[in-house]
Structures are given as C-alpha cells and as structure tokens.
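Novice: Residue numbering for the sequence shown follows the numbering used here, starting at -19 and increasing by one per position.
Here a beta-carbon is modelled for each residue, glycine too, at the ideal position from N, C-alpha and C.
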Amino acid sequence: METTSVMTPDVDDERWMRAALALAERAAALGEVPVGAVVVRDGEVIGEGWNQPISGQDPTAHAEIMALRDAARRVGNYRLVDADLYVTIEPCTMCAGAIVHARIRRVVFGASEPKAGALVSRQSLLDEPWLNHRVSWTGGVLAEHCSERISAFFRARREERRRQRQLQAPSSEGGGGLG
Ligand SMILES: [Zn+2]
-19 METTSVMTPD
-9 VDDERWMRAA
1 LALAERAAAL
11 GEVPVGAVVV
21 RDGEVIGEGW
31 NQPISGQDPT
41 AHAEIMALRD
51 AARRVGNYRL
61 VDADLYVTIE
71 PCTMCAGAIV
81 HARIRRVVFG
91 ASEPKAGALV
101 SRQSLLDEPW
111 LNHRVSWTGG
121 VLAEHCSERI
131 SAFFRARREE
141 RRRQRQLQAP
151 SSEGGGGLG
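(1) Residues in its own chain within less than 6 Å of D(-7) by CB, not counting five upstream and five downstream?
(2) What is the rounded straight-line gap between the Cα of A136 and the Cα of E128?
(3) Indicate whether at least one CB of chain B lies closer than 8 Å to the CB of G16.
(4) Can you tell me whether A4 is buried or exposed, with buried defined as 16 or more other CB within 10 angstroms of its CB?
(5) Nearest-angstrom Cα distance between G23 and S101?
(6) Any chance the CB of M46 is under 7 Å from a heavy atom of ligand 1?
(7) Apply the 10 Å Cβ neighbour rule to L147 and answer buried if 16 or more other Cβ atoms are within range, or exposed otherwise.
(8) Please indicate yes or no: does the CB of C72 lie closer than 7 Å to some heavy atom of ligand 1?
(9) Just to confirm my understanding: we take E93, look at its own chain, exclude 5 residues before and 5 after, and list those with CB closer than 7 Å. What are they?
(10) What did DSSP end up calling W(-4) once you bin it into helix, strand or coil?
(11) Could you tell me the alpha carbon to alpha carbon distance between L106 and R143, rounded to whole angstroms?
(12) Rounded to a whole number of angstroms, what is the C-alpha to C-alpha distance between H42 and N112?
(13) Kindly give me the distance between the Cβ atoms of A7 and W30, rounded to whole angstroms, as I take these residues to be in contact under 8 Å.
(14) Can you list, in chain order, the residues of its chain whose CB lies under 6 Å from that of M(-13), leaving out five sequence neighbours each side?
(15) Out of curiosity, what's the CA-to-CA distance linking G27 and R138?
(16) Quick check on the burial criterion: 16 or more other C-beta atoms within 10 angstroms. Buried or exposed for R86?
(17) What would DSSP say about V25, mapped onto helix, strand or coil?
(18) Going by DSSP in three states, I69 sits in which element: helix, strand or coil?
(19) Which parts of the stretch 81 to 119 are runs of the beta strand (DSSP E), unbroken and 3 residues or longer, counting only runs that do not cross its ends?
So this is what it looks like as structure tokens:
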C-alpha cells in the first residue's frame, strides 16, 4: 500500500509565513519596522531574519538579507538551491537582487508594498527575461495579518511622537526665559 502525503501548498505557505511573522516581532522589539523572513528547504527552516537596519547600523539589514545570510552560513554555501524564502512584505529591489544571487527557488510574500515593492508593485524584477536564474513567486499569503502588523507599528509610532510633542509643549509655552 502506497502512502503519499500530499501537502496543500497553501497550508504549508501559511505555516512558514507564521514563522516569518513571529520573527517580525523581534524587529518590533528593536523599534524597527516589523518585517520577518525565513528560508525553508526540505520542510525545515534553514535561515531566519528580521529587519534591523537602524539598530544594526546597516542599510542592507532587511529581513530577507539577514535570512539569506543566516541560511548561507548554516549550510556553508552562498547558493541556496531548492530553498524558498518567506517574507511578510513584498521585497524591495535590493532584496529581489539578493534573492536571485542566492538562487532561491521560490519567494512567498505576505502583504504587497505599494511604495517600494519590486515584485509586483513598482517593478516585476523577478520576471525580467534577462535574469540568469528564474525565481517563482507567490504574493498575498496571510496578507491581512502582515499588513496589519506594519500598520499597528506605524500607528503606535505616531502615537508615541504625539505624546513626545505634548510633553515638550508646556516648556516651550512657559515664558521662554532661557530663550
Ligand atoms: Zn529589502
């Protein structure tokens, strides 16, 4: 008797997207825009990353780049053949480029990024015919969760800034003795 386990891609995609969402919380804890990413191969996470350019003083420290670096280090190879990358937000141009360099097989993202997304929103970078490596991609997995996480972050930050301004207001109205 043959036993085959057919996993529906959607269930798997959501599972790994939840793992990426969990990593986004680490970015949030650093005060960074909460984006998380995992690299998966053979049903296993081989790389984890979260957004940290400010705290890491590194303009390239996007979640995808950090996950690719982690995976390459762990497997001892700069090419991640047959590996898939899951990220909570549509990748930017830099990350799309790195994904091609790493030979990622497939990218799955959550919410699209209208301002800077390089897969569908602003460009279709991974579909360019001149690329020497094809990356397939899927968008919109747990999109609402992913975009809500980002929105909540910016809401909280606006609220924090408003509070800061209110704290500063009384002293500026207070007579200006030290003008
Ligand atoms: Zn990026």
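Specialist: Quick answer:
(1) V88 and V121
(2) 12 Å
(3) Considering every chain present, this structure includes no chain B. It has just one protein chain.
(4) buried
(5) 29 Å
(6) no
(7) exposed
(8) yes
(9) I69, E70 and S101
(10) helix
(11) 42 Å
(12) 24 Å
(13) 4 Å
(14) Reliability fails at M(-13), whose pLDDT of 45 lies under 50, so the model's placement of it is uncertain and no value is given.
(15) 32 Å
(16) buried
(17) strand
(18) strand
(19) 86 to 91 and 116 to 118
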